[in-house]
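In the numbering used here, the protein residues as written are 7 to 436.
The structure appears below as structure tokens.
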């Protein structure tokens, strides 16, 4: 929720634990919110784990204030005031069987220690008691997560092969966590990822896309993508990119590295990119056609696909900005995604060791007053009709010609625009 207040949600999550405890149940904060707080990060949301059964949670908080979003898996959403959002309350459980490689076939409600053991990575298997009075003992660690946080290690809980067989998406999540927190995958977890990488196709394209949306926009995105290559996940998810690691950027100067290294540098130079921009940077050394293949593979939205393709197609468009006729440059500068295109141009220039004068020039032009950057058109189709021009395909050509002349300041008002129309119509009929 965009209007969620982190402090309000924290207080709401605290009140849920307090209420469960008052009713005689065990209850803690669990998972990512504990990890993030220990890393000094603002938790995005809070999850509560408890020994209360789903029906007991609903009875305690009321049917109107709860949603049975995953009751079969022990998950009940408790709805708070608007700024607090929703907090998921999950019953301690063990999972049995993962025939689809993603979801448990059945669950058994159990203890906190056994619940920690069924989670993915040790840093996500921690509990936190927000009601403990003393500083020590607030974190409840059954899996060695605290030590792995200190060592900056992403380690699967128990046998990594078993964890990844249960849920193939965990391999991608491990890469994302390593890049997000600047941690390393421990040896056994890294090896298991490499051995099982091909099985990630068991995960739905939509879930892979969702994970890649997160992976490509974290600050460590370049390391994340290179870790995909190292683990073999890239061969499965983006096989078109794997040959880039063996291709020199410039054959005559092999010391300048490979196209892959250059691509990673472009990715790294982006500042808080959107997913389409990061995807465009990843694929720009190939072609927009590659973006469309990736989009079809991951079932991306048309909006994401079109933007990423446009960015790749326009990756050279601004290079001659200082010499371009204003009417051509202006049409690019007023596009909604111009700032993302400039970011891509800047990243490519920086990665290539080239000047960014064209980027600076465009950004300077964008500071023009609105009336100069994008003045209202002098003529419309209705004006042409009233002027006696028969409707037809000629309208588009006439309006574009008048707009070009207006932007280039060879035509300054309506009468001059109509005079230009008369000349063009006469030339057209000659």
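We treat Cβ as the ideally placed atom computed from N, Cα and C, and that holds for glycine.
Looking at the strands, I want to know which residues DSSP matches up with residue i.
i	result
residue 101	113
residue 36	133
residue 254	264
residue 53	94
residue 147	132
residue 81	76 and 96
residue 206	Paired residue(s): none; residue 206 is not in a bridge.
Assign residue i to one of three DSSP states: helix, strand, or coil.
i	result
residue 191	strand
residue 417	coil
residue 73	strand
residue 323	coil
residue 22	helix
residue 286	helix
residue 340	coil
residue 160	strand
residue 372	coil
residue 360	coil
residue 317	helix
residue 7	At residue 7, the pLDDT of 41 sits below 50, so the modelled position is not reliable and the matter cannot be decided from this model.
residue 246	helix
residue 182	helix
residue 45	coil
residue 330	coil
residue 277	coil
residue 395	coil
residue 200	helix
residue 12	helix
residue 176	helix
residue 211	helix
residue 377	helix
residue 291	coil
residue 142	Note on residue 142: pLDDT 48, under 50, position unreliable in the model; no value is reported.
residue 384	coil
residue 88	coil
In terms of alpha-carbon separation, which member of the options lies closest to residue i?
i	options	result
residue 158	321, 186 and 71	186
residue 164	126, 425, 422 and 351	126
residue 90	134, 58, 62 and 50	50
residue 315	297, 305, 331 and 291	297
residue 377	389, 361, 412 and 390	412
residue 28	56, 313 and 367	56
residue 291	303, 310 and 320	320
residue 380	403, 359, 410 and 354	410
residue 306	213, 361, 254 and 387	213
residue 352	272, 85 and 434	272
residue 333	215, 415 and 16	415
residue 58	116, 88, 184 and 355	116
residue 336	60, 309, 365 and 372	372
residue 274	232, 242, 251 and 312	232
residue 79	269, 87, 92 and 113	113
residue 173	101, 153 and 241	101
residue 32	161, 135 and 131	135
residue 88	40, 15, 358 and 346	15
residue 426	398, 397 and 385	385
residue 391	201, 428, 237 and 263	428
If you follow the alpha helix (DSSP H) that residue i is in, where does it begin and where does it stop?
i	result
residue 405	400-413
residue 121	118-123
residue 304	294-304
residue 126	Premise fails: residue 126 is in no alpha helix (DSSP H) and is neither H nor E.
residue 60	60-67
residue 387	387-392
residue 31	Per DSSP, residue 31 belongs to no alpha helix (DSSP H) and is neither H nor E.
residue 166	166-172
On the premise that residue j lies in contact with residue i, defined as a C-beta separation below 8 Å, what is that separation, rounded to the nearest angstrom?
i	j	result
residue 178	residue 221	7 Å
residue 123	residue 149	7 Å
residue 53	residue 71	At roughly 17 Å, the Cβ-Cβ gap does not stay under 8 Å, so residue 53 and residue 71 are not in contact.
residue 283	residue 317	6 Å
residue 286	residue 350	6 Å
residue 230	residue 181	6 Å
residue 208	residue 242	About 11 Å; that fails the 8 Å criterion.
residue 154	residue 161	5 Å
residue 281	residue 219	5 Å
Determine the extent of the beta strand (DSSP E) in which residue i is found, giving its start and end residues.
i	result
residue 231	Residue 231 -> not in any beta strand (DSSP E); alpha helix (DSSP H) instead, spanning 227-237.
residue 224	It is not in any beta strand (DSSP E) - residue 224 carries neither H nor E in the DSSP assignment.
The ligand MG and residue i: does any heavy atom of the ligand fall closer than 7 Å to the residue's C-beta?
i	result
residue 223	With respect to small molecules bound, the structure shown includes none, and the ligand MG cannot be examined in it.
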